[in-house]
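A.B. asks: In terms of the working numbering, the sequence shown opens at residue 10 and continues consecutively. Where a beta carbon is used, it is the ideal one built from N, C-alpha and C, also for glycine.
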Amino acid sequence: MIRRILSLVVLIWLMGFVWFAVALPGPHDGGRSDAVVVLTGGGGRIGRGFEALRKGWAGRMLVSGVDREVRPGEFAAEYKVPPALMACCVTLGFQSVDTRSNARETAQWIARNHIRSVRLVTTDWHMRRAVLELRAQLPGHVELIRDAVPSQPSLRTLLREYNKLLARAIARLAGW
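1) Taking residue 117 and residue 110 to be in contact with their CB atoms under 8 Å, please state how far apart those CB atoms are, rounded to whole angstroms.
2) My guess is that residue 121 and residue 42 are in contact by the Cβ rule of under 8 Å, so how many angstroms apart are they, rounded?
3) Determine which residues share a DSSP beta bridge with residue 154 and list them.
4) Helix, strand or coil, according to DSSP, for residue 71 in the structure here?
5) Between which two residues does the alpha helix (DSSP H) holding residue 16 run?
6) May I ask which residues mark the beginning and end of the alpha helix (DSSP H) holding residue 175?
7) Mind checking which residues open and close the alpha helix (DSSP H) that includes residue 58?
8) Tell me which residues share the same chain as residue 69 and place their Cβ nearer than 6 Å to its Cβ, disregarding the 5 neighbours each side in the sequence.
9) In the DSSP assignment, the beta strand (DSSP E) including residue 102 goes from what residue to what residue?
10) Which residues bound the alpha helix (DSSP H) around residue 147?
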């Protein structure tokens, strides 16, 4: 009996992993939101956030998880951001160090700025867990647009992220 239950659990885990790896979220071109939030940590994320600003898909941007050593001028130079755009529309968030603290930092910024719709930019393999954490922090009326940056994740990255997603989902269900 225990062997059958264990086999069923492994089969469910494996089917979930296949779905997770094969059906990665994709980019969301177009559409309008009040703001774009970029979670640092992967290539192409910040560029995608600036693309949303340039194309008018969002009016302002939070970059969450910026290293405390980075200065706004250095950031602007690195990404070739005009000073006027930096001043009006870009907020660098230095408070977060992981996905959970990204969600807290983002939710606080959204509340302070009275944002009703936000485009979330992160890597495709990270999107589901980022949405899970952010949804737990945001009021229900905030619209969340998922805008995933395509990548070529390794099997190890996918396995690690899938297991983190499961652990956080179980923790949420348990009320942790």
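C.D. replies: In short, the structure shows the following:
1) For the purposes of this step, residue 117 is taken as the residue at position 108 of the sequence shown. For the purposes of this step, residue 110 is taken as the residue at position 101 of the sequence shown. With 8 Å as the limit, residue 117 and residue 110 do not qualify as a contact, their Cβ atoms being about 11 Å apart.
2) Counted from its first residue, the sequence shown places residue 121 at position 112. Counted from its first residue, the sequence shown places residue 42 at position 33. That belief does not hold up - the Cβ atoms of residue 121 and residue 42 are roughly 17 Å apart, past 8 Å.
3) Taking the sequence shown and counting its residues from 1, one reaches residue 154 at position 145. Answer is 128, bridged to residue 154.
4) If you number the sequence shown from 1, residue 71 lands on position 62. The answer is strand: DSSP assigns residue 71 an E or B state.
5) Taking the sequence shown and counting its residues from 1, one reaches residue 16 at position 7. From DSSP, the alpha helix (DSSP H) with residue 16 extends over 11 to 31.
6) As a working note, residue 175 is residue 166 in the sequence shown. Where residue 175 is concerned, the enclosing alpha helix (DSSP H) stretches over 164 to 182.
7) The residue you call residue 58 lines up with position 49 of the sequence shown. Run containing residue 58: 54 to 63, per the alpha helix (DSSP H) assignment.
8) Position 60 of the sequence shown, counted from the start, is the residue given in the question as residue 69. Counting only Cβ-Cβ distances below 6 Å, and skipping sequence neighbours, we find 44, 98.
9) In the sequence shown, the residue the question calls residue 102 occupies position 93. Segment 99 to 102, the beta strand (DSSP E) holding residue 102.
10) Here residue 147 corresponds to residue number 138 of the sequence shown, with the count starting at 1. Element bounds for residue 147: n/a, residue is neither H nor E.
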